[in-house]
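Asks: The structure that follows is given in the form of structure tokens.
In my numbering, the protein residues as written are 9 to 376.
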């Protein structure tokens, strides 16, 4: 959830944008656990090297995709957060925290191949650094890797089986979401907001899997797991919306890397898809023009700026005499009632509940 894209450094260089000078409780947990996560990921890769599970070039590609390209390690943080929230005391939670991160990094390797991406975290994507075939083998391994971690945990066989079954469900949802995105992008089919929300919820299934892993290992009851699942589903979509809308904020520069790349790759996202759908249906020629620019997969600055101009025009507008932003409307709808659900499901006021409330607040505002 905490990605380098959605949680940008503040002007003074601190890890996240904050409204208060006092570090939030969630950020303190993050600063405590981030080095542990990196250590566990590095140890996992060392183990596969020593066991000779993969050829040297594939191991190096895995290492590059997981460690060199890095990230904010949001999914391991969700494992910790859910585990703590249900009052868990699982001794191997550090090892378990990386379970959802490994397939997530694999999915990014695959996404970059499908999108013909030129960079990831300001570095060459894995397929450009190691070749497409090696990159494909790396992401296939990462998709299968949760079983390697789960089977090493000192837990009852029935819990291991549940974690594996949960992972199978996650993998199915993630692939369905990826297939939806490919269909809409390759066929140039614009989508309404609710279709995008469904696609984003599927693509962000790793958020949900992460909280379910943490909750199960923490001994949660089914009601608690259900509540955390709903919170993670909706927060995941909020972060995807913010990720898709980077660089398009009102008054931002049109040269923003992320939105430029999305236009060049012809992506139908929360910005462009609904705009095209509504404008084409209403007979507005700007809808067809935006659709045409996306279909060109252009890198021409003039065309990219033209597309951004159309998107901005129909994303930021006046409603009832007030400036409005349909993305914020969507986020408000998604987060409505989540804090109430959290407090009803976890009535005791604890540090972990406060951390989850801070995370929900971040979803709403984009800042701690």
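Even glycine gets a Cβ: it sits at the ideal position worked out from N, Cα and C.
These numbers come from a predicted model, not from an experiment.
So, helix, strand or coil for residue 80, using DSSP?
Replies: Within the chain shown, residue 80 is the residue found at index 72, counting from 1. Looking at residue 80 - three-state DSSP - the assignment turns out to be coil, as it is neither helix nor strand.
Asks: Relative to the alpha-carbon of residue 81, which residue among 46, 224 and 104 has its alpha-carbon at the smallest distance?
Replies: Residue numbering aside, residue 81 sits at position 73 when the chain shown is read from its first letter. With distances taken between Cα atoms, residue 81 lies closest to 46.
Asks: DSSP three-state label for residue 263, please.
Replies: Sequence index remark: in the chain shown, residue 263 carries index 255 (1-based). With a pLDDT of 42 at residue 263, under the threshold of 50, the modelled position of this residue cannot be trusted, and the question is left open.
Asks: Which ranges does the alpha helix (DSSP H) cover as unbroken runs of at least 4 residues, wholly within the stretch 116–144, from first to last along the chain?
Replies: Whole alpha helix (DSSP H) segments, 4+ residues: 134–138.
Asks: Just grab the DSSP bridge partners of residue 324 for me.
Replies: Indexing the chain shown from 1 puts residue 324 at position 316. Answer is 333, bridged to residue 324.
Asks: Taking Cβ to Cβ, would you say residue 41 is nearer than 7 angstroms to residue 88?
Replies: For the purposes of this step, residue 41 is identified with residue 33 of the chain shown, where counting begins at 1. For the purposes of this step, residue 88 is identified with residue 80 of the chain shown, where counting begins at 1. Cβ distance < 7 angstroms, so residue 41 and residue 88 count as in contact.
Asks: Once you ignore the five residues that flank residue 168 on each side, which residues in its own chain have a CB closer than 6 angstroms to its CB?
Replies: Locating residue 168 in the chain shown gives position 160, counting from the first residue. Result list for residue 168: 158, in chain order.
Asks: State the CB to CB distance for the pair residue 216 and residue 245, rounded to an integer number of angstroms; the pair is presumed to be in contact (CB under 8 angstroms).
Replies: Working through the chain shown from its first residue, we reach residue 216 at position 208. Working through the chain shown from its first residue, we reach residue 245 at position 237. 11 angstroms between Cβ atoms; not a contact.
Asks: Along the chain, which unbroken stretches of the alpha helix (DSSP H) at least 4 residues long are found entirely within the stretch 34–95?
Replies: Listed in chain order, they are 64–71 and 82–93.
Asks: Please report the residue range of the alpha helix (DSSP H) in which residue 161 lies.
Replies: As a first step, residue 161 is located in the chain shown; it is residue number 153 there, counting from the start. Segment: none, residue 161 is in no alpha helix (DSSP H) and carries neither H nor E.
Asks: Where do the ends of the alpha helix (DSSP H) carrying residue 346 lie?
Replies: In the chain shown, counting from the first residue as 1, residue 346 sits at position 338. Segment 346–353, the alpha helix (DSSP H) holding residue 346.
Asks: Quick check on the DSSP output: what are the complete alpha helix (DSSP H) runs of length 4 or more inside the stretch 273–304, in order along the chain?
Replies: You should have 280–290 and 293–304.
Asks: Run the CB neighbour count on residue 2, radius 10 Å, all protein chains shown included, and call it buried at 16 or more, exposed below.
Replies: The structure shown does not extend to residue 2, since the chain is modelled only from 9 through 376, so no value can be given for it.
Asks: Closest to residue 101 by CA distance: which of 319, 185, 161 and 141 is it?
Replies: In the chain shown, the residue the question calls residue 101 occupies position 93. When only C-alpha atoms are compared, the closest one is 161.
Asks: Please classify residue 277 as buried or exposed, where buried requires at least 16 neighbouring CB atoms within 10 angstroms.
Replies: As a position in the chain shown, residue 277 is number 269, starting the count at 1. The residue in question, residue 277, is buried, as its Cβ has 16 or more Cβ neighbours within 10 Å.
Asks: Identify whether residue 108 lies in helix, strand or coil by the three-state DSSP scheme.
Replies: In the chain shown, residue 108 corresponds to position 100, counting from 1. Of the three classes helix, strand and coil, the one that applies to residue 108 here is coil, per DSSP.
Asks: In three-state terms, what does DSSP make of residue 21?
Replies: Numbered from 1 along the chain shown, position 13 holds the residue referred to as residue 21. Low per-residue confidence applies at residue 21: pLDDT is 38, beneath 50, and the placement is therefore not dependable, though the value from the model is reported in the following sentence. Residue 21 falls in the coil class under three-state DSSP.
Asks: By how many angstroms is the C-alpha of residue 322 removed from the C-alpha of residue 187?
Replies: Stepping through the chain shown from its first residue, residue 187 is reached at position 179. Stepping through the chain shown from its first residue, residue 322 is reached at position 314. Rounded to the nearest angstrom, the two C-alpha atoms are 27 angstroms apart.
Asks: Whole angstroms is fine: what's the gap from residue 358's alpha carbon to residue 223's?
Replies: Your numbering for residue 358 matches position 350 in the chain shown. Your numbering for residue 223 matches position 215 in the chain shown. Each residue's Cα considered, the two are about 16 angstroms apart.
Asks: Just confirm the distance between the C-beta atoms of residue 286 and residue 318, as a whole number of angstroms; I'd bet it's less than 8 angstroms.
Replies: To locate residue 286, count along the chain shown from 1; it is residue 278. To locate residue 318, count along the chain shown from 1; it is residue 310. Contact doesn't hold; Cβ gap of about 12 angstroms is too wide.
Asks: Report the rounded CA-to-CA distance for residue 144 versus residue 153, giving the unit in angstroms.
Replies: Taking the chain shown and counting its residues from 1, the one referred to as residue 144 is at position 136. Taking the chain shown and counting its residues from 1, the one referred to as residue 153 is at position 145. Going by the C-alpha atoms only, they are around 14 angstroms apart.
Asks: Less than 8 angstroms between the CB atoms is what I'm expecting for residue 362 and residue 33, so what's the real figure, rounded?
Replies: Looking up residue 362 in the chain shown gives position 354. Looking up residue 33 in the chain shown gives position 25. Right, their Cβ atoms sit about 5 angstroms apart.
Asks: To the nearest angstrom, how far is it from the Cα of residue 180 to the Cα of residue 171?
Replies: Walking along the chain shown from the start, residue 180 turns up at place 172. Walking along the chain shown from the start, residue 171 turns up at place 163. Roughly 14 angstroms separates the two Cα atoms.
Asks: Roughly how far, in whole angstroms, is the beta-carbon of residue 353 from the beta-carbon of residue 227, given that I think they are within contact range, below 8 angstroms?
Replies: The sequence position of residue 353 within the chain shown is 345, counting from 1. The sequence position of residue 227 within the chain shown is 219, counting from 1. Not really, about 15 angstroms apart at Cβ, beyond 8 angstroms.
Asks: Excluding the 5 residues flanking residue 268 on each side, which residues of the same chain have their C-beta closer than 6 angstroms to its C-beta?
Replies: Residue 268 sits at position 260 when you count from the first residue of the chain shown. Taken in chain order, the residues that qualify are 312.
Asks: Mind checking whether residue 235 and residue 213 have CB atoms under 7 angstroms apart?
Replies: As a working mapping, residue 235 is identified with position 227 in the chain shown. As a working mapping, residue 213 is identified with position 205 in the chain shown. Not a contact, by the Cβ cut-off of 7 angstroms.
Asks: Consult DSSP for residue 153 and reduce its assignment to one of helix, strand or coil.
Replies: Taking the chain shown and counting its residues from 1, one reaches residue 153 at position 145. Three-state result, residue 153: coil.
Asks: How many angstroms separate the CA atom of residue 176 from the CA atom of residue 308?
Replies: Position 168 of the chain shown, counted from the start, is the residue given in the question as residue 176. Position 300 of the chain shown, counted from the start, is the residue given in the question as residue 308. For residue 176 and residue 308, the distance between alpha carbons rounds to 42 angstroms.
Asks: Determine the contact status of residue 242 and residue 342, defining contact as a CB-CB distance below 7 angstroms.
Replies: On the chain shown, position 234 is the one that residue 242 refers to. On the chain shown, position 334 is the one that residue 342 refers to. For residue 242 and residue 342, yes; Cβs fall inside 7 angstroms.
Asks: Got a sec, what are the start and stop residues for the alpha helix (DSSP H) residue 370 sits in?
Replies: If you number the chain shown from 1, residue 370 lands on position 362. Segment 359–373, the alpha helix (DSSP H) holding residue 370.
Asks: Are residue 86 and residue 218 touching if we call contact CB-CB under 7 angstroms?
Replies: Taking the first residue of the chain shown as 1, we reach residue 86 at position 78. Taking the first residue of the chain shown as 1, we reach residue 218 at position 210. Yes.
Asks: By how many angstroms is the C-alpha of residue 48 removed from the C-alpha of residue 110?
Replies: Mapped onto the chain shown, residue 110 falls at position 102. Mapped onto the chain shown, residue 48 falls at position 40. Taking the straight line from one Cα to the other gives about 11 angstroms.
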